[in-house]
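For reference, the structure is listed below as structure tokens.
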Amino acid sequence: DQQVKQNSPSLSVQEGRISILNCDYTNSMFDYFLWYKKYPAEGPTFLISISSIKDKNEDGRFTVFLNKSAKHLSLHIVPSQPGDSAVYFCAASGGIQGAQKLVFGQGTRLTINP
Amino acid sequence: NAGVTQTPKFRILKIGQSMTLQCTQDMNHNYMYWYRQDPGMGLKLIYYSVGAGITDKGEVPNGYNVSRSTTEDFPLRLELAAPSQTSVYFCASRVARSGNTIYFGEGSWLTVV
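Chains as they are written, first to last, in the working numbering: chain G, 7 to 120; chain L, 782 to 894.
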């Protein structure tokens, strides 16, 4: 039972354009969502997060949008830069039992082309 | 500022051997986690701990054991290594308050042959 899904295994975007990464979830108890970025041979690093009481959070070039009714969130990167090439994981937590744990999606490999 | 430190970084095991992946954090975080990542897959939670002396199973605990005798350390034990345990293992930690981000170690690459 995949509670957090990233249906696009890979995405290729031209440098300077907008990158949009998508994530869907099934558990309505999730109330906190995060995006992590992972380079090869390194651990994931935190990028940006959003609480379920908000529908948008911005941090520089990165914006996360949350649509609770659709159980969908997206990460927008604009403008995209070569250093953004990495695997991006969506993660979620929440509920009485689940607050301690993060559930991850499968990841999307983003490639920024010069 | 060490953060979350995992050892070893690389290890090759023979089927049936045992080993311990070490994890230590110096941020005084209550919560610690062990995840595994298989090729092309997301991170799956093996075990987690909400404090010293308290551990609980995640999604994929079979074949593993953990202990948490101190706040800083959270070792992961493989008792009888199997090829299905070939994976990259990540230790992580965070403070107790819900919503705080978790911090990952650099990973341990384990191959069972």
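C-beta: ideal position from N, C-alpha, C; glycine also. Here the structure is a predicted model, which is why all the values come from computation and not from measurement.
Look up residue i in the DSSP assignment and say whether it is helix, strand or coil.
| i | result |
| --- | --- |
| Gln803 (chain L) | strand |
| Gln8 (chain G) | coil |
| Ser868 (chain L) | strand |
| Gly89 (chain G) | helix |
| Gln106 (chain G) | coil |
| Phe855 (chain L) | coil |
| Arg67 (chain G) | coil |
| Glu798 (chain L) | A small fix is needed here, since residue 798 (chain L) is Gln in this sequence, not Glu. Coil, per DSSP. |
| Ile56 (chain G) | strand |
From what residue to what residue does the beta strand (DSSP E) around residue i run?
| i | result |
| --- | --- |
| Ala98 (chain G) | Ala92 to Ser99 |
| Asn28 (chain G) | Ser25 to Tyr31 |
| Gln966 (chain L) | Absent from the model: residue 966 (chain L). The displayed extent of chain L is 782 to 894, so no value can be given. |
| Val785 (chain L) | Val785 to Thr788 |
| Val894 (chain L) | Premise fails: Val894 (chain L) is in no beta strand (DSSP E) and is neither H nor E. |
| Val847 (chain L) | Tyr845 to Val847 |
What residues are listed by DSSP as bridge partners for residue i?
| i | result |
| --- | --- |
| Lys43 (chain G) | G:Thr51 and G:Tyr94 |
| Glu860 (chain L) | According to DSSP, which records beta bridges pairwise, Glu860 (chain L) is partnered with nothing at all. |
| Lys896 (chain L) | Only positions 782 to 894 of chain L appear in the structure, and residue 896 (chain L) is not among them; the question remains open. |
| Gln20 (chain G) | G:Asn119 |
| Ser874 (chain L) | L:Met813 and L:Tyr884 |
Whose CA, out of the options, lies closest to the CA of residue i?
| i | options | result |
| --- | --- | --- |
| Ala863 (chain L) | L:Gln787, L:Ile793 and L:Thr786 | L:Ile793 |
| Asn809 (chain L) | L:Thr851, L:Trp890 and L:Phe871 | L:Thr851 |
| Phe71 (chain G) | G:Pro85, G:Ile54, G:Ser86 and G:Val10 | G:Ile54 |
| Val109 (chain G) | L:Pro856, L:Gln866, L:Val841 and L:Ala877 | L:Val841 |
| Thr836 (chain L) | L:Arg849, L:Pro789 and L:Gly821 | L:Arg849 |
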